[in-house]
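Visitor:
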Amino acid sequence: MELKEYIAEKQIVFCSTSNKNKVLGELAGVLSEATGFDNDKMLAAILLREKLMSTGMGQGLGIPHVRLRGLKRAGMAVGLCRQGISDYESLDNEPIYIVVLIAAPEGQHETYIRLLAEVVDVLKRPDLRREIIAAEEPAEIYQILTGSGK
């Protein structure tokens, strides 16, 4: 699976806030625009998922993920939050700096799981997380995630 099938540079943003719900709202807006899915429905599903269990993985990484009825194709949006999100409730209780939102159509369970696994596989590397945090432009983050700059 290649991440470049699910993300474009315009789906990578530098967060304007350090509040978890506001960051999730920003990313939902970006991904809704990219997929043509209703923003309010996407955000409601993300917030409901977060109520059930936080997606703060630890090591500065949050990976909110949802499956949505009516979504036509899977996609992702990435937020770099240099100031850190301290209210994210991560496993290690440390702030979150990189948030990767994943959304997939309700019936595409395999795509959903494979996309989630690929994101985790890439971002489990501390060197790549440091490169993302140091990035100055969305294009740099895109290259790190997709491997197109290496």
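If you want the numbering used here, it's the position in the sequence shown, counting the first as 1, plus 268.
We treat Cβ as the ideally placed atom computed from N, Cα and C, and that holds for glycine.
Specify the secondary structure class of Pro-394 as computed by DSSP and reduced to three states.
Guide: The residue labelled residue 394 in the question sits at position 126 within the sequence shown. Three-state result, Pro-394: helix.
Visitor: What three-state label does DSSP hand Asn-287 in the structure shown?
Guide: Within the sequence shown, the letter at position 19 stands for residue 287. The answer is coil: DSSP assigns Asn-287 none of H, G, I, E or B.
Visitor: Can you tell which of Gly-343, Ile-400 and Leu-339 has the C-alpha that lies nearest to the C-alpha of Arg-382?
Guide: Here residue 382 refers to the residue found at position 114 of the sequence shown. The residue with the shortest Cα to Cα distance from Arg-382 is Gly-343.
Visitor: If we count the other Cβ atoms within 10 Å of its Cβ and call it buried at 16 or more, is Ala-296 buried or exposed?
Guide: Here residue 296 refers to the residue found at position 28 when the sequence shown is read from its first residue. Counting Cβ neighbours within 10 Å, Ala-296 comes out buried, since at least 16 surround it.
Visitor: Quick one: grab the DSSP three-state call for Tyr-356.
Guide: Position 88 of the sequence shown, counted from the first residue, corresponds to residue 356. Coil, per DSSP.
Visitor: Take Glu-362 as the anchor and find which of Ala-371, Gln-351 and Arg-341 has the nearest alpha-carbon.
Guide: Locating residue 362 in the sequence shown gives position 94, counting from the first residue. Selected option, being the one with the closest Cα: Gln-351.
Visitor: Flag this pair as yes or no: are the beta carbons of Gly-326 and Ser-286 separated by less than 8 Å?
Guide: For this step, residue 326 is matched to residue 58 along the sequence shown. For this step, residue 286 is matched to residue 18 along the sequence shown. Not closer than 8 Å, so no.
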